[in-house]
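Residue 185 in my numbering sits at position 187 of the sequence shown, with consecutive numbering throughout. Ideal Cβ positions, reconstructed from N, Cα and C, are used throughout, including at glycine. None of the values given here were measured: they were computed from a predicted structure. The next block holds one structure in the form of structure tokens; read it before the comments.
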Amino acid sequence: METTGATRRPDTSGLKYKGFKIHEVSGDERPSQPHARRDYYKIVLVTAGNTLITYGDNTVAMKGTYLFFSNPRVAHRVEDLEKGRRGYACLFSEDFINSREGKNALRDSPLTRVEDSPVIALNEAQASFMKSLFVKMLEVYRDGFPACMPLVKTCIELILQDASRIQPSQQLTGRQYGTSRISAMFLELLAKQFPVEHPGEPLLLRSAHDYAKALSVHVNYLNRSVKSSTGKSTSAHISGRIISEAKALLRHTNWNVADIAYSLGFEYPTYFNNYFKRATGQTPHVFRKQKV
């Protein structure tokens, strides 16, 4: 199911052909290596097993039957605490779910709502329903009929919709934890943007909206979470880090101001000059002249 060694990676060849792949999880597997960022989503139905799941900065021990949702933006690791994990795993690209209903189901599901737990324990009735959907997808996938792909998409939508219905009563943590978690993920993502190594590779994330999109949450939720957890606004964190990096580049590189402006995501040097002066009271040129 997961990467099982330094040289073994998930087989995603089916994704390139159909944008979708499904397989049974059977046999004993070694602990997975941390999952690098991929361009696909993953839903796993575990019908038997005792596992330790690390997702982002959270670790959850699960035993029995449950669903696990993997978002390509957040690394995960799965470790078997006992032998004998069984179940099903399906992988699909975002383009595979191309209908309005499918994209809405994806957006509102635990697959993209990183503030919610990606692990959902299932009772007997829920497990039976989910298993029937995975079995049907596996049957269609093995038959290899492209005309049946709409049926697969419908099954995925049903899984996502039912998971969203179950999730509120299955959350492993409360609202306060969710707020702290999304704030921590924002700060981690912000830190990863720096240091800027080359003027030809500008920052990709510049605003609260950019970070909210990258974390698959609404910008208002991100702003509330960051403010509640840190006492500072999302924009203040971003601005402070950009100014800090600008000072470092002015002091420790020979890049011209235009290159620094571009590397920090400013379209024109004048925008950067005004931004820097509002924050520091000095223009970049004056600040640089004061370099010791």
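Restricting attention to Ser223, Asn121, Thr52, the CA atom closest to the CA of Tyr64 is found in Asn121. Assignment of Lys19 by DSSP, reduced to helix, strand and coil, places it in the strand class.
In chain order, Ile164 place their CB closer than 7 angstroms to the CB of Gln124, counting only its own chain and leaving out the 5 sequence neighbours on each side. Listed in chain order, the alpha helix (DSSP H) runs fully inside the stretch 119 to 196 are 122 to 141, 147 to 168, 173 to 190, counting runs of at least 4 residues. Lys61 and Asn48 do touch by the CB rule: their CB atoms are close to 5 angstroms apart, below 8 angstroms. Bounds of the beta strand (DSSP E) holding Tyr86 are 84 to 91. According to the DSSP assignment, Tyr266 belongs to no alpha helix (DSSP H), since it is labelled neither H nor E. Taking a 10 Å sphere around the C-beta of Ala189, we find fewer than 16 other C-beta atoms and assign the residue as exposed. Closest in C-alpha terms to Gly82, from the list Phe18, Leu201, Thr45, Ser91, comes Thr45. Sixteen is the threshold: when 16 or more other Cβ atoms of the shown chains lie within 10 Å of the Cβ of Thr232, as they do, the residue is buried.
Within the same chain, and ignoring the five residues on either side of Phe285 in sequence, the residues whose Cβ sits closer than 6 angstroms to its Cβ are Leu248. Between Leu262 and Pro193, the beta carbon gap of about 11 angstroms keeps them out of contact (Cβ cut-off 8 angstroms).
When C-alpha distances from Ala206 are compared across Gly198, His250, Asn218, Asp78, the shortest belongs to Asn218. Boundaries for Glu80: no beta strand (DSSP E) harbours it, and the DSSP string shows neither H nor E there. Taking a C-beta distance under 8 angstroms as the contact criterion, Tyr86 and Glu22 qualify as a contact pair. For Ile51, the enclosing beta strand (DSSP E) stretches over residues 48 to 53. Around the beta carbon of Ser115, 16 or more other beta carbons sit within 10 angstroms, so the residue counts as buried. CA-CA distance, Ile157 to Asn56, rounds to 23 angstroms.
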